[in-house]
Amino acid sequence: MVKFSKELEAQLIPEWKDAFVNYWQLKKQIKKIKVSRLFNFDNKLTEIIQVKSKIIKDGEDEEIYETELAQLFSEEDEVRVFFERLDEELNKVNQFYKTKETEFLERGEILNKQLQILLDLKQILNDRRWKNSLSKPKYPSIPSSWSSTPRNSDYSSENSEELSATPTSTEPTQTDEAIAALERNGVSFTNTATRGHGEFINRKKIQCAEKMIRGAFVELYRGLGLLKTYSSLNMVAFTKILKKFDKVRYGIEPAASASYLKAVKRSHFISSDKVVRLMDEVETIFTSTSPTMTRKKAMKFLRPQRHKESHMVTFFVGLLTGCFVSLFSVYALLAHLVCVFALLSLHLFMYGCNLFMWKSTRINCNFIFEVPNQAPP
């Protein structure tokens, strides 16, 4: 089973590493408590700690958690230091969570405004197209089937199509206000929307702005998911460290972790549901803005699934390596037996080569080796 410290280290968000609970420092402090307890094993302590929160008013209300240590902890400085550090970690997590939550809520409001302005601008352009189509003269040479064909929407129209802006008394003003609002909120329309008689607004740029806003919503949703993971990991870290404290203080202070854990569950980073509600709102906006986007497709886009890694290559590499090692070891054992037959075969082969060379060069090998010549019968 993987230890939680390794699991926490693997799931840490690198940019927020310093904002997480310092689980390793708290574990070291518990080890110090365990060592100090060996010297005071006979002290039977029965008091219960109390965790209270107070609000400090310094420009803005801020909730700080403090542990009221009873007389039992005054005799053990290590326990006192442990709960002081635990309070510091809890306040650090709460403060960081509040900051990020406020930041994401502000980004969500800005994106909602940008999206609403963009939808208003598209509605103005659609109304203008409709009026322009009604004001155009009908020629008898055009077939009726063409004139009755409905116009395509903004999503299915060609990107190169441009809208002619006919000056009216109210519509140019509304268009200018919408474009100016989008530019103030970070969506650039430079050289794409002009404000004069007979000029035009490019629909391709509007679609590009829509893609930018959609991408910003995706980034917001993933940031909210990271903040939710941050909250759950810290909650598990507090639970694990208090369980370790209970094991060290077993039979002395059974209600210590329970009282502190209740305070952790009442803290802002656990009790607040603004992040979950904002995630639901982003999912709803993402599915409602596109008519072809179902909730299932939207969730696949917002939560991209990781591709499952195939271990076939690793399996075959291990299998072939094992086969090679086993066959090589068998060959090393049988090499001593095979080498005898190999030497005998090599000797016979070389003897045959010598006989062939001696005969081709007319060397009398019988005379050299003193082999008697047998007379034919």
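The sequence shown lines up with residues 1 to 377 when you count with full-length UniProt numbering. Glycine included, C-beta positions come from ideal geometry on N, C-alpha and C.
Are residue i and residue j touching if we call contact CB-CB under 8 angstroms?
| i | j | result |
| --- | --- | --- |
| residue 380 | Ile30 | Residue numbering for the chain in the displayed model covers 1 to 377; residue 380 lies beyond these limits and cannot be assessed. |
| Thr240 | Phe4 | The amino acid at residue 240 is misidentified as Thr; the sequence shows Lys. Yes. Within cutoff. |
| Gln114 | Ile213 | yes |
| Lys274 | Ser257 | no |
| Leu90 | Val264 | yes |
| Asn94 | Phe269 | yes |
| Lys100 | Leu227 | yes |
| Tyr97 | Ser288 | no |
Return the CA-CA distance between residue i and residue j, expressed in angstroms with no decimal places.
| i | j | result |
| --- | --- | --- |
| Phe217 | Gly108 | 8 angstroms |
| residue 391 | Glu283 | Outside the shown range of the chain (1 to 377) lies residue 391, about which nothing can therefore be said. |
| Val276 | Leu261 | 22 angstroms |
| Ile33 | Met279 | 42 angstroms |
| Thr229 | Lys92 | 16 angstroms |
| Arg222 | Ser133 | 43 angstroms |
| Thr102 | Gln123 | 32 angstroms |
| Phe301 | Gly215 | 10 angstroms |
| Phe369 | Phe349 | 19 angstroms |
| Trp24 | Arg266 | 24 angstroms |
| Phe104 | Gly318 | 48 angstroms |
| Val338 | Val313 | 35 angstroms |
| Ser345 | His311 | 47 angstroms |
| His347 | Phe315 | 45 angstroms |
| Leu327 | Met357 | 40 angstroms |
| Pro372 | Asn366 | 7 angstroms |
| Ser153 | Glu7 | With a pLDDT of 40 at Ser153, under the threshold of 50, the modelled position of that residue is not reliable, and the figure given next carries that caveat. The straight-line gap from Cα to Cα measures roughly 50 angstroms. |
| Leu86 | Phe245 | 11 angstroms |
| Val325 | Ala332 | 11 angstroms |
| Tyr139 | Arg129 | Residue placement at Tyr139 cannot be trusted, given a pLDDT of 44 that sits under 50; the coordinates are not used to answer. |
| Asp77 | Glu9 | 29 angstroms |
| Cys323 | Lys27 | 46 angstroms |
| Met293 | Arg303 | 14 angstroms |
| Lys297 | Ser290 | 11 angstroms |
| Ser271 | Ser259 | 16 angstroms |
| Thr361 | Leu343 | 27 angstroms |
| Leu355 | Val330 | 38 angstroms |
| Leu334 | Lys359 | 38 angstroms |
| His336 | Gly352 | 25 angstroms |
| Ile363 | Val340 | 31 angstroms |
| Asp18 | Glu84 | 18 angstroms |
| Arg117 | Asp127 | Note that residue 117 is Ile in the sequence shown, not Arg. Going by the C-alpha atoms only, they are around 15 angstroms apart. |
Helix, strand or coil for residue i? Go by DSSP, reduced to three states.
| i | result |
| --- | --- |
| Glu9 | helix |
| Pro14 | helix |
| Val21 | coil |
| Ser267 | coil |
| Lys98 | helix |
| Glu370 | coil |
| Arg85 | helix |
| Lys3 | coil |
| Asn91 | helix |
| Asn364 | coil |
| Arg303 | coil |
| Ser148 | With a pLDDT of 37 at Ser148, under the threshold of 50, the modelled position of this residue cannot be trusted, and the question is left open. |
Nearest to residue i by CA position, among the options, is which residue?
| i | options | result |
| --- | --- | --- |
| Ile285 | Phe238, Arg37, Leu220 and Leu242 | Leu220 |
| Lys211 | Leu111, Asp127 and Leu224 | Leu111 |
| Arg37 | Leu224, Val79, Val371 and Phe328 | Val79 |
| Leu119 | Leu86, Ala209 and Asp87 | Ala209 |
| Glu88 | Asn22, Asn126 and Arg128 | Asn22 |
| Ile13 | Arg129, Gly225 and Lys28 | Gly225 |
| Lys204 | Ser272, Ser259 and Leu125 | Leu125 |
Along the alpha helix (DSSP H) that carries residue i, what are the first and last residues, could you check?
| i | result |
| --- | --- |
| Glu283 | Lys274 to Thr289 |
| Asn354 | Met312 to Ser360 |
| Met293 | Element bounds for Met293: n/a, residue is neither H nor E. |
| Arg222 | Arg203 to Val248 |
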